[in-house]
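J.:
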Amino acid sequence: MSPSEDSKNHIACALLVWTFLSTMARKVSQTVYELKGNLLSKYLSQELKYPSLKLKFIEL
38 MSPSEDSKNH
48 IACALLVWTF
58 LSTMARKVSQ
68 TVYELKGNLL
78 SKYLSQELKY
88 PSLKLKFIEL
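Using my numbering, the letters of the sequence shown map in sequence onto residues 38 to 97.
#1: In this structure, does DSSP put I95 in helix, strand or coil?
#2: Rounded to a whole number of angstroms, what is the C-alpha to C-alpha distance between S78 and S59?
#3: Can you tell me whether T60 is helix, strand or coil according to DSSP?
#4: Where do the N-terminal and C-terminal ends of the alpha helix (DSSP H) with L72 fall, by residue?
See the structure below:
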């Protein structure tokens with residue numbers, strides 16, 4: 038893909054996400070920013086309690 042195609046794909050993806058978040062925010066009577074913050078907060082809490090990636094530390 039060329040850099041311009043990457044940019045177009047990125048913009049298209051961002052618009053799809055914004056449309057989805059706007060629709061969901063209206064349904065739950067929140068702003069897009071409140072909804073996004075709540076989703077990220079729940080995700081972070083879940084990841085801290087039950088990590089989806091296991092890290093293995095090695096000594097150098």
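Even glycine gets a Cβ: it sits at the ideal position worked out from N, Cα and C. All values derive from a computational prediction rather than experimental measurement.
T.: Taking the coordinates as given:
#1: By 1-based counting over the sequence shown, the position of residue 95 is 58. Three-state DSSP puts I95 in coil, outside helix and strand.
#2: Sequence index remark: in the sequence shown, residue 78 carries index 41 (1-based). Sequence index remark: in the sequence shown, residue 59 carries index 22 (1-based). For S78 and S59, the distance between alpha carbons rounds to 18 Å.
#3: Numbered from its first residue, the sequence shown carries residue 60 at position 23. Residue state, collapsed to three classes: helix.
#4: Residue numbering aside, residue 72 sits at position 35 when the sequence shown is read from its first letter. Where L72 is concerned, the enclosing alpha helix (DSSP H) stretches over 69-86.
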